[in-house]
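Report on the following structure.
Number of protein chains: 2
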Amino acid sequence: MGTLRYAILGLLNRRDMSGYEMSKEFETTLFEFWTARHSQIYPELKSLTKEGLVEYKIEVSGTVLEKKVYSITEKGRDLFLEWEQTLFPMPASPKDEFRLQLFFSDCIGAKRQLQMLTDQLSQHEHRLQHLKENSKKFPTLPPKDTEDLTDYMVLRGAILREEATCTWLRESIDLCKQTED
Amino acid sequence: MGTLRYAILGLLNRRDMSGYEMSKEFETTLFEFWTARHSQIYPELKSLTKEGLVEYKIEVSGTVLEKKVYSITEKGRDLFLEWEQTLFPMPASPKDEFRLQLFFSDCIGAKRQLQMLTDQLSQHEHRLQHLKENSKKFPTLPPKDTEDLTDYMVLRGAILREEATCTWLRESIDLCKQTED
DNA sequence: GGCTACATGTAAGCGGTTACATGATTTA
DNA sequence: TAAATCATGTAACCGCTTACATGTAGCC
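As you go down the protein sequences, you meet chains A and B in turn. Each residue of the first sequence is one higher than the last, beginning at -2 in the numbering used here. Each residue of the second sequence is one higher than the last, beginning at -2 in the numbering used here.
Below, the structure written as structure tokens:
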């Protein structure tokens, strides 16, 4: 697939930045749908440079410390825009250790099942609360064709996903509590 | 993590089976939350055998063809039940190439955005329809502490997830259609 | 006889994580 | 002056996919 390169090109298409700044972006802005550590970013930047898709100039902070500030090239932008317009087949369901555990959990009894489910629920509720805090940054609907709008859309996606998970967990809790017939 | 071994132990805790049968289970029953190819399963079974967590006896179909029918050992069951009762931290959001693409899509214009969104929507709607077909196998709520109930719970999880995705995509489509102000 | 399903394995390579490694700059 | 942050890299390893490799059994 090689998606990481497009994530990097996408960031550089918005603004020039260093590898270090990119790693911060992956930890914060992109966290909901893509992540990458610096140990993956630096080698990728190296190969993108080699292919002429990005270039960099060195900036010196202080007296010695060198920073490589990357920018996207014409060729890089072309490749990025091509990817940006391709239609993808929907991905396979993500692996989920908790669902796997739940699937086999008939052998441990309803009481234990409830413990696991309530634990997961509280974690997802906290996550949802956090996402809703973030959405306060958008008091009004961002206008069409802006970065703000796409930011808002992916945030809404994360919120709806967490809400669905919480709904599912509560429903499952009720199912485990049902009285025998 | 090493989750694959627990998926295999979980299957063998339900019933004895061959590696080939397991790969079919991963393709069908477990598909919504875990998958594994035979190229991963056979080596794992080898190492589980070495560790004494599973064992096998050879069955002959026809005249020559040998089939290894695996069963879980006492030691394997102990390890499985321990895993089955551990509380997991909620997983990081799964990587999602489409959301990444959407996040950067302000540069391609609302028309193209709409094409991508409607394409994804139709795919997820089909998937949802398929899952709802499957749920017809449960005309009545399965009773507590049964395999049927856990089967039902993970199926409900898949359905609620797809419904949330469809809701999100429709909402995003509306956002892209908004008139300028 | 030919096709599909049954059945078991190995090897190369990719994407990703964790850990190793080094050093400068800023802030408390 | 000590700690946190900035800044860039490499190496070992793991989980997984794709492809290679081989052969049998059942069915039309």
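The C-beta atom is built at its ideal place from N, Cα and C for all residues, glycine as well.
In the structure shown, Leu152 of chain B adopts helical secondary structure according to DSSP, grouped into three states. Spatial neighbours of Leu1 of chain B in its own chain (CB-CB distance under 7 Å, excluding positions within 5 residues in sequence) are listed in chain order as Ala33, Gln37, Glu41.
Under a 10 Å Cβ-count criterion, Asp103 of chain A is classified as buried, with 16 or more other Cβ atoms of the shown protein chains found around its own Cβ.
For His121 of chain B, the chain A residues whose C-beta falls within less than 8 Å of its own C-beta are Met87, listed in chain order. Distance from the Cα of Leu118 of chain B is smallest, within the candidate group B:Glu48, B:Ser68, B:Glu160, for B:Glu160. Residue environment: Ile55 of chain A is assigned as exposed (fewer than 16 neighbouring CB atoms within 10 Å of its CB, all protein chains considered). Closest option to Gly73 of chain A, judged by alpha-carbon separation, among A:Ala4, A:Phe85, A:Phe100: A:Ala4. Taking a Cβ-Cβ threshold of 7 Å, the residues of chain A close to Met113 of chain B are Leu84, in chain order. Across the region 147 to 163 of chain B, CB contacts with chain A closer than 8 Å involve Thr147, Asp148, Tyr149, Met150, Val151, Arg153, Gly154, Ala155, Leu157, Arg158, Glu160, Ala161, Thr162, in sequence order along the chain. Taking the beta carbon of Lys108 of chain B as reference, no residue of chain A falls within 9 Å; the closest one sits roughly 10 Å away. For Leu50 of chain A, the secondary structure class from DSSP, reduced to helix, strand or coil, is coil.
Restricting attention to B:Phe135, B:Tyr53, B:Asp13, the CA atom closest to the CA of Tyr149 of chain B is found in B:Phe135.
Beyond the five residues adjoining it in sequence on each side, Leu8 of chain A comes within less than 7 Å, by CB distance, of Met14, Met19, Glu22 in the same chain, given in chain order. Distance from the CA of Glu144 of chain B to the CA of Ala155 of chain A, rounded to the nearest whole angstrom, comes to 31 Å. In this structure the region 45 to 65 of chain B does not touch the region 106 to 124 of chain A; the number of beta carbon pairs closer than 8 Å is below three. Close CB contacts of Pro86 of chain A within its chain, under the 6 Å cut and outside five residues either way in sequence, are absent. Counting along the chain, Glu29 of chain B sits inside no alpha helix (DSSP H), nor does DSSP assign it H or E at all. A Cβ-Cβ contact shorter than 7 Å links Glu122 of chain A with Cys163 of chain A. In the DSSP secondary-structure assignment, Ile170 of chain A is not bridged to any residue. Scanning chain A for C-beta atoms nearer than 7 Å to the C-beta of Leu42 of chain B yields nothing, as the closest lies near 18 Å away.
Taking the Cα of Arg167 of chain A as reference, the smallest distance to any Cα among B:Tyr53, B:Val61, B:Val151 is reached at B:Val151. If you compare the alpha carbons of B:Ser68, B:Tyr39, B:Ser58 with that of Glu52 of chain B, the shortest gap goes to B:Ser68. Counting other Cβ atoms within 10 Å of its Cβ, Gln175 of chain B stays below 16 and is therefore classed as exposed. Of all residues in the region 5 to 17 of chain B, those with a C-beta nearer than 7 Å to a C-beta of chain A are Gly7, Asn10, reading in chain order. Note on geometry: alpha-carbon atoms of Thr115 of chain A and Leu125 of chain A lie some 15 Å from one another. With respect to Arg12 of chain A, Phe30 of chain B sits apart: the two C-beta atoms are not nearer than 7 Å. Note on geometry: alpha-carbon atoms of Asp171 of chain A and Pro139 of chain A lie some 39 Å from one another. Remark: C-beta atoms of Ala107 of chain B and Asp142 of chain A approach each other more closely than 7 Å. From the beta-carbon of Pro136 of chain A, no residue of chain B is found nearer than 9 Å; the closest lies around 15 Å away.
Judged by DSSP secondary structure, Lys21 of chain B falls within the alpha helix (DSSP H) whose first and last residues are 16 to 24.
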